[in-house]
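Take a look at the structure below.
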Amino acid sequence: MASDARSFREAAQARRSIYKLEAKSPIPDSDIVEIVQEALLYCPSTFNTQTTRAAVILGEEHVKLWDIIIGIVQPSMGADVWNGFGKPRFEGFRGAYGTVLFFEVKGGVEKVISSYGKTEVDKVKIQAWQDVTNGMHQYYIWTQLSNKGLGCNLQHCNPHIDDAVAKAFDIPAEWELKAQLVFGTPTGPPKDKEMIPPAERMKIFGARN
Numbered sequence: 036m037a038s039d040a041r042s043f044r045e046a047a048q049a050r051r052s053i054y055k056l057e058a059k060s061p062i063p064d065s066d067i068v069e070i071v072q073e074a075l076l077y078c079p080s081t082f083n084t085q086t087t088r089a090a091v092i093l094g095e096e097h098v099k100l101w102d103i104i105i106g107i108v109q110p111s112m113g114a115d116v117w118n119g120f121g122k123p124r125f126e127g128f129r130g131a132y133g134t135v136l137f138f139e140v141k142g143g144v145e146k147v148i149s150s151y152g153k154t155e156v157d158k159v160k161i162q163a164w165q166d167v168t169n170g171m172h173q174y175y176i177w178t179q180l181s182n183k184g185l186g187c188n189l190q191h192c193n194p195h196i197d198d199a200v201a202k203a204f205d206i207p208a209e210w211e212l213k214a215q216l217v218f219g220t221p222t223g224p225p226k227d228k229e230m231i232p233p234a235e236r237m238k239i240f241g242a243r244n
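Residue numbers (our numbering): 36 to 244.
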């Protein structure tokens, strides 16, 4: 894979949710797969438990995935909501280039809990760290795909779709679905985004320079 043209800061600044996507990619599928592999290798995890899992869904398999999801989601929305909001949104996901499915191994931090979960509060916190781990993988892949010219948006159709997706794609029973990152070539810019100034969201102590 060719070297990245932008710095990490520039890539992070450019990463946005983009919903207007088409089924094209400026990079080969092998580069997409490599980005996901890099995340699995280099993103941190709770006590190095390495519990995050991923599935890269491309081409006709991507269309199949979203046909399954639409078939589950549409009846639950009702006709008015589906026609006004759901249909254009979900058909947009279906019309993109691919999807990365993110999973966590069920019970993947049980050994950590048994060693360090001295109280119920500790156990809850340690379990929550799995979601933090998964979020770091999502952010890495999203930013890297964006850096390569792909637009992305992150969806959470689970848990309603979990069983059907697992069956269709032979997902191991111990993989728990967390999120779906949809990506493709952008056909329009991201929406304007109002930023809350950092000064309202942070405190600084002890800085000298």
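Positions of the beta carbon are idealized from the N, C-alpha and C atoms, including for glycine.
Could you compute how far the alpha carbon of residue i sits from the alpha carbon of residue j?
{"i": "Gly186", "j": "Gln173", "result": "14 Å"}
{"i": "Lys160", "j": "Gln85", "result": "17 Å"}
{"i": "Glu240", "j": "Pro233", "result": "The amino acid at residue 240 is misidentified as Glu; the sequence shows Phe. The alpha-carbon atoms of Phe240 and Pro233 are separated by roughly 15 Å."}
{"i": "Ser209", "j": "Lys141", "result": "The sequence shown places Glu at residue 209, not Ser. Cα-Cα distance, rounded: 5 Å."}
{"i": "Leu136", "j": "Gln48", "result": "24 Å"}
{"i": "Glu229", "j": "Gly223", "result": "18 Å"}
{"i": "Phe128", "j": "Leu56", "result": "8 Å"}
{"i": "Ala74", "j": "Ile231", "result": "29 Å"}
{"i": "Ile104", "j": "Ile196", "result": "6 Å"}
{"i": "Lys238", "j": "Thr178", "result": "26 Å"}
{"i": "His97", "j": "Glu126", "result": "12 Å"}
{"i": "Asn83", "j": "Gly143", "result": "11 Å"}
{"i": "Gln109", "j": "Arg44", "result": "39 Å"}
Start and end of the beta strand (DSSP E) containing residue i?
{"i": "Ile92", "result": "Thr87 to Leu93"}
{"i": "Val200", "result": "Where Val200 is concerned, there is no enclosing beta strand (DSSP E), although the alpha helix (DSSP H) it sits in stretches over Asp197 to Ala203."}
Report back the beta-carbon spacing between residue i and residue j to the nearest angstrom; my notes put them in contact at under 8 Å.
{"i": "Asn188", "j": "Tyr54", "result": "5 Å"}
{"i": "Lys183", "j": "Pro79", "result": "Not really, about 23 Å apart at Cβ, beyond 8 Å."}
{"i": "Ala90", "j": "Ile176", "result": "No, Ala90 and Ile176 are not in contact; Cβ-Cβ is about 12 Å, not under 8 Å."}
{"i": "Ile219", "j": "Ala114", "result": "The sequence shown places Gly at residue 219, rather than the Ile named in the question. About 28 Å separates the two Cβ atoms, so there is no contact after all."}
Which residue marks the beginning of the alpha helix (DSSP H) containing residue i, and which one marks its end?
{"i": "Phe137", "result": "No alpha helix (DSSP H) contains Phe137, which is instead part of the beta strand (DSSP E) from Gly133 to Val140."}
{"i": "Met237", "result": "That residue, Met237, is in no alpha helix (DSSP H); it is neither H nor E in DSSP."}
{"i": "Ile176", "result": "Glu155 to Asn182"}
{"i": "Phe125", "result": "Lys122 to Arg129"}
{"i": "Ala74", "result": "Asp64 to Tyr77"}
In the structure shown, what three-state DSSP assignment does residue i receive?
{"i": "Glu45", "result": "helix"}
{"i": "Asn244", "result": "coil"}
{"i": "Ser52", "result": "strand"}
{"i": "Glu229", "result": "coil"}
{"i": "Thr84", "result": "coil"}
{"i": "Ile206", "result": "coil"}
Where DSSP assigns a beta bridge to residue i, which residues make up the other side?
{"i": "Glu211", "result": "Glu139"}
{"i": "Val217", "result": "Thr134 and Asn188"}
{"i": "Glu145", "result": "Answer is none; Glu145 lacks a bridge partner."}
{"i": "Trp57", "result": "Per the sequence shown, residue 57 should be read as Glu rather than Trp. Note: Glu57 sits in a beta bridge opposite Thr220."}
Of all the CB atoms in chain B, is at least one closer than 8 Å to the CB of residue i?
{"i": "Val135", "result": "Structure shown: chain B not included; a single protein chain is present."}
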